[in-house]
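The structure appears right after this line, and notes come after that.
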Amino acid sequence: MELGILLMIVQLFFALVIGVYFWNLLRGQKTNKTAVDRESRKELDKLRKMRMISLTKPLSEKTRPASIGDIVGQKDGLRALKAALCSANPQHVIIYGPPGVGKTAAARVVMEEAKKNALSPFKHDAKFTEIDATTARFDERGIADPLIGSVHDPIYQGAGAMGIAGVPQPKPGAVTKAHGGILFLDEIGELHPIQMNKLLKVLEDRKVLLESAYYNSEDSNTPAYIHDIFQNGLPADFRLVGATTRSPDEISPALRSRCMEIYFRPLLPEEIEVIARDAIQKIGLKPSPEAVAVVQQYATNGREAVNMIQLAAGLALTEQRDTLSAAEVEWVAGSSQLPLRTERKIPTSPQIGLVNGLAVYGPGMGTLLEIEVSAALAKSGQGRLNITGVVDEEEIGGGSRTIRRKSMAKGSVENVLTVLRMMNLEPDRYDLHVNFPGGTPIDGPSAGVAMAVAIVSAIRQLPVDNTVAITGEIGIHGRVKPVGGVIAKVEAAFQAGATTVFIPKDNWQSLFADVAPLQVIPVDTVDEVFRHLFGSGTADIRLPAVSGETFSSASLLKADAAGEGAQA
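Position in the sequence shown (from 1) plus 2 gives the number in this note's numbering.
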């Protein structure tokens, strides 16, 4: 009897303990839920208050192009981009160009144009998905990949609904979000090689195939849509538009072979003026010609011009003035330590030993290249050659194999001397100094013909027409060989004030026939250039025959005839 009562008391005690435990547990859950709800309301109120606060739009957003007509200076690039994206079969595109010239804006507005085209596969709700390759980091274990997509396995999901059920959860990346539209990949040249290879596979398959060690096709707990993703992949049918400031040879050849390549050129001072005036008007100030002229002197792209105007306008508005002055823009340039924009122009008059060469310094970017040569009779009878302003050596290759060689510019000078020896000009009797001023090391063979003209000019004391620019590699038999970037070089010559450009015959294109007032002359041999520049005075010198052909004679004025008026 007493034992039974004791057992009942013990049972009652444990029942009370268990009851108190669960009661406290339920009360704690209720308290936690109340606290979470209270905290949630506080955070929602904070978000509402934050969303009620908005600052004025930055000038860069106000001046952002909204239509094709708003993009300045890229007529040819826009035409090519429209051809690539607005047709019935849009293509993948890579846009090369310096910063701030409208690559991103062009992709946006051209997509809007494509939506209006009845033949275009882009629907009215097609998405323009933008991602920066420099920030598209990924995890090698596949936990996170914002570009391609990833799978959140249960071990990484924790106590989420899918994690508790042991179901892997696919997470779509930018390539899937861009399905049916355009994926704009900024700075595509910075993309990691592993992601680049994954992207190439997606471009081929037009879908993303995901894998997970936790996926079981027979698992009935796995939702049907996840079964579908693992079995059929995530859709990723889009058109890639990549933008980069790198040169084409720095981009993966496999990617380049799948894309149409379009080049956006640097903006000219006149185009910077248009952007600056538009920015001043959108701020609400009166444009001052002097202030705009200062912007032209410093800004090299649209973004720099807008930033200068915005900061200078801040000074004017705080002083309650409605006109932007040149002094304020100059102060902005000084405080920002912007270098003065140097526009290379042709010399003001013909000079001896000074020739206008042409060079490229980026995709679609050409510049005038001064080449100076001095020649003095060597006292010892054996002359010396000194070359300054060029790269001494260069390394090519990569990975486990690197080749070092003498710079192509130095090799080109040696080719020139070989040709001149064959023409009996005896360059070895002179101390020659070939200089490329400007502070930027020069490399490449395309200045060969220009150097030949400069050396002949210095040896024979013949002035060279200052309105002529020359590009072309020279072979050891006097042939003018093709070079790269000729269109950009011809454009640079025109902007520098040249009226005549000599280019290799193999680089001739029909578009060069209609670039008036500029005259583009194709040449096959270096003596053709000599005839054009130095006239037909006397001293006919015949180059040796090569491959059964005889070159035409090179007519060079004798040294004592230098004052008899060479063609200018």
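Ideal Cβ placement from N, Cα and C applies to all residues, glycine included.
Since the model is a prediction, treat every value here as computed from it, not as a measurement.
- Contact check for V375 against G355 passes: the beta carbons are separated by less than 8 Å.
- I20 and L8 have their C-alpha atoms spaced approximately 18 Å apart.
- The DSSP-derived three-state label of N437 is strand.
- For P250, there is no enclosing beta strand (DSSP E), as DSSP gives it neither H nor E.
- In this structure the region 383-393 does not touch the region 492-505; the number of beta carbon pairs closer than 8 Å is below three.
- Per DSSP, H229 is one residue of the alpha helix (DSSP H) stretching across A226 to N234.
- Leaving aside the five residues that flank D239 on each side, the residues in its chain whose CB is nearer than 8 Å to its CB run, in chain order, H181, G182, R208 and K209.
- Closest by C-alpha distance to P195, out of R139, K129 and W510, is R139.
- By the beta-carbon neighbour count (other beta carbons within 10 angstroms, threshold 16), I11 is exposed.
- When beta bridges are read from the DSSP output, D134 appears opposite D188.
- In the three-state scheme derived from DSSP, where H, G and I count as helix and E and B as strand, Y23 is classed as helix.
- Measuring C-alpha to C-alpha distances from G487 to each of A380, Y265, Q197 and A411 identifies Y265 as the nearest.
- The residues P465, V466, D467, N468 and A570, in chain order, have a CB closer than 8 Å to that of P352 in the same chain once the five nearest residues on each side in sequence are set aside.
- Boundaries for G446: no alpha helix (DSSP H) harbours it, and the DSSP string shows neither H nor E there.
- DSSP, read as helix, strand or coil, puts Y432 in strand.
- In this structure the region 187-201 touches the region 234-251; the number of beta carbon pairs closer than 8 Å is three or more.
- Per DSSP, K129 is not a residue of any alpha helix (DSSP H), being assigned neither H nor E.
- A direct Cα-Cα distance of roughly 47 Å separates E306 from F232.
- Within the same chain, Cβ atoms closer than 8 Å to the Cβ of K288 are found at I282, D324, T325 and L326, the five residues on either side in sequence being excluded.
- Between the region 210-217 and the region 171-178, the count of C-beta pairs closer than 8 Å reaches three or more; the two stretches touch.
- Within the same chain, Cβ atoms closer than 7 Å to the Cβ of S254 are found at M198, the five residues on either side in sequence being excluded.
- In this structure, the straight-line span from the alpha carbon of A295 to that of G441 is close to 26 Å.
- For L387, the enclosing beta strand (DSSP E) begins and ends at L387 to T390.
- Counting only unbroken stretches of 4 or more residues, the alpha helix (DSSP H) elements lying wholly within the region 52-135 are 61-64, 77-87 and 105-118, in sequence order.
- DSSP places T404 in the strand class (E or B) of the three-state scheme.
- If you draw a straight line from the Cα of W25 to the Cα of L46, it comes to about 31 Å.
- DSSP lists no bridge partner for M424.
- Contact between Q76 and A86 does not hold, since their C-beta atoms are separated by about 14 Å, which reaches or exceeds 8 Å.
- Rounded to the nearest whole angstrom, the C-alpha separation of W510 and P484 is 9 Å.
- Three or more Cβ pairs closer than 8 Å define a contact, and the region 53-72 falls short of that threshold against the region 266-275.
- A Cβ-Cβ separation of about 13 Å leaves V451 out of contact with I478 under the 8 Å criterion.
- Residue pairing from DSSP places S152 in a beta bridge opposite K173.
- Of the residues assessed, D39 falls on the exposed side of the cut-off, its CB having fewer than 16 other CB atoms within 10 angstroms.
- The continuous beta strand (DSSP E) containing G364 extends over residues L356 to G364.
- Straight-line spacing of the CA atoms in K284 and P67 works out to 13 Å.
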